[in-house]
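Undergrad:
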Amino acid sequence: MKPQLSATKPSPVRAVALLGLLTALCTVLRIVKVPIPNVQPVTDILMIVTLLLGFRWGFSLSMSTLIVSNLFLGFGLWTLPQIVAYACCMVIVIVMVTILPVIRRRIWLQIGLAGLLGYLYGFIVSLGMAVIGSLNGLGFWAYYVSGLPFDTYHAIGNLVFYPIVLAILRQGLQRFDRGGAHFETLHKSR
7 MKPQLSATKP
17 SPVRAVALLG
27 LLTALCTVLR
37 IVKVPIPNVQ
47 PVTDILMIVT
57 LLLGFRWGFS
67 LSMSTLIVSN
77 LFLGFGLWTL
87 PQIVAYACCM
97 VIVIVMVTIL
107 PVIRRRIWLQ
117 IGLAGLLGYL
127 YGFIVSLGMA
137 VIGSLNGLGF
147 WAYYVSGLPF
157 DTYHAIGNLV
167 FYPIVLAILR
177 QGLQRFDRGG
187 AHFETLHKSR
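FYI, the numbering for the sequence shown is 7 to 196, going by my numbering.
1) Which of the three DSSP states, helix, strand or coil, is assigned to Ser195?
2) Mark Leu52 as exposed unless 16 or more other C-beta atoms lie within 10 angstroms of its C-beta, in which case mark it buried.
3) Measure how close the beta-carbons of Met135 and Tyr149 come, nearest whole angstrom, since I'm counting them as under 8 Å.
4) Excluding five sequence neighbours on each side, which residues of the same chain lie with their C-beta closer than 7 Å to the C-beta of Ile54?
5) Where Leu79 and Gln180 are concerned, what is the direct C-alpha to C-alpha distance, given to the nearest angstrom?
6) Between which two residues does the alpha helix (DSSP H) holding Gln88 run?
7) Measure the beta-carbon distance from Arg62 to Gln46 and round it to whole angstroms, keeping in mind my assumption that it falls under 8 Å.
8) Is it right to say Gly64 is buried, meaning 16 or more other beta carbons lie within 10 angstroms of its own, or is it exposed?
9) Of the residues Gly153, Val108, Ile113 and Gly178, which one's Cα is nearest the Cα of Ile130?
10) Hey, could you find the ends of the alpha helix (DSSP H) Phe81 is sitting in?
11) Keeping to the same chain, check which residues put their C-beta closer than 6 Å to that of Glu190; ignore five residues upstream and five downstream.
12) Return yes when the Cβ of Asp50 is within less than 8 Å of the Cβ of Tyr127, no when it is not.
13) Label Ala23 either buried or exposed according to how many other C-beta atoms from any shown protein chain fall within 10 Å of its C-beta, with 16 as the threshold for buried.
14) Could you please give the first and the last residue of the uninterrupted alpha helix (DSSP H) stretch that includes Gly124?
15) Thinking C-beta only, is Ile109 closer than 8 Å to Val101?
16) On the three-state DSSP scale, how would you describe Phe189?
17) Using C-beta distances below 7 Å, list every residue in its chain close to Gln88, excluding the 5 sequence neighbours before and after it, in chain order.
18) Which two residues bound the contiguous alpha helix (DSSP H) that contains Asn44?
19) Here's the rule I'm using: 16 or more other beta-carbon atoms within 10 Å means buried, otherwise exposed. How should Ser17 be labelled?
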């Protein structure tokens, strides 16, 4: 799948600057908590960046966001499953858009995918924590089911934030790109 960046490749300095700005944005949004747990637009931003700029950008942004934000929130055994979970989410985005290219043109499909990523992220983090904690089959399912309300908050947050974040990010990335023509293919409200 081809990323949506224009034919002119940004200079390494501009690319690092963009990654730094996006990392700062995601870090702040991950640290500043909404009163409802797990409701934050970081997964939406990662999905949109992956759709617009490609897997490498999405993965790099997820890694840098987790590392920088965990400097404030704390590192622990959960950090590795979080990294794996976001990597899997970005892979799913690429696979889904490759299999169903219509996702690029239909915001409601993108919103649905963003909601599903909330559950996928939670499942993979739970699976990683079960492996780290040596939980057996029933122990894993008990652990996972107990976290489902938080995964649901995450999914609902993704559903609500996605259209807002898409509008803001697309405009910002178009300004960065200066050509912007390729960004237009992501969605035109249908």
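Ideal Cβ placement from N, Cα and C applies to all residues, glycine included.
TA: So, to answer that:
1) Only weak support exists for where Ser195 lies, its pLDDT of 45 falling under 50; the value from the coordinates is given anyway. Three-state result, Ser195: coil.
2) Burial call: buried.
3) 7 Å
4) Val171, Leu172 and Leu175
5) 32 Å
6) Thr85 to Ile105
7) The pair is not a contact, with the Cβ atoms about 23 Å apart (cut-off 8 Å).
8) buried
9) Gly153
10) Here Phe81 belongs to no alpha helix (DSSP H), and DSSP marks it neither H nor E.
11) Because the pLDDT of Glu190 is 40, which lies under 50, any placement of that residue in the model is unreliable, and the question is left without a value.
12) For Tyr127 and Asp50, no; Cβs fall outside 8 Å.
13) exposed
14) Ile113 to Ile138
15) no
16) With a pLDDT of 43 at Phe189, under the threshold of 50, the modelled position of that residue is not reliable, and the figure given next carries that caveat. Helix at Phe189.
17) Closer than 7 Å at the Cβ level, and outside the excluded window around Gln88, lie Leu72 and Val131.
18) For Asn44, there is no enclosing alpha helix (DSSP H), since its DSSP letter is neither H nor E.
19) Within 10 angstroms of the beta-carbon of Ser17 lie fewer than 16 other beta-carbons, which makes it exposed.
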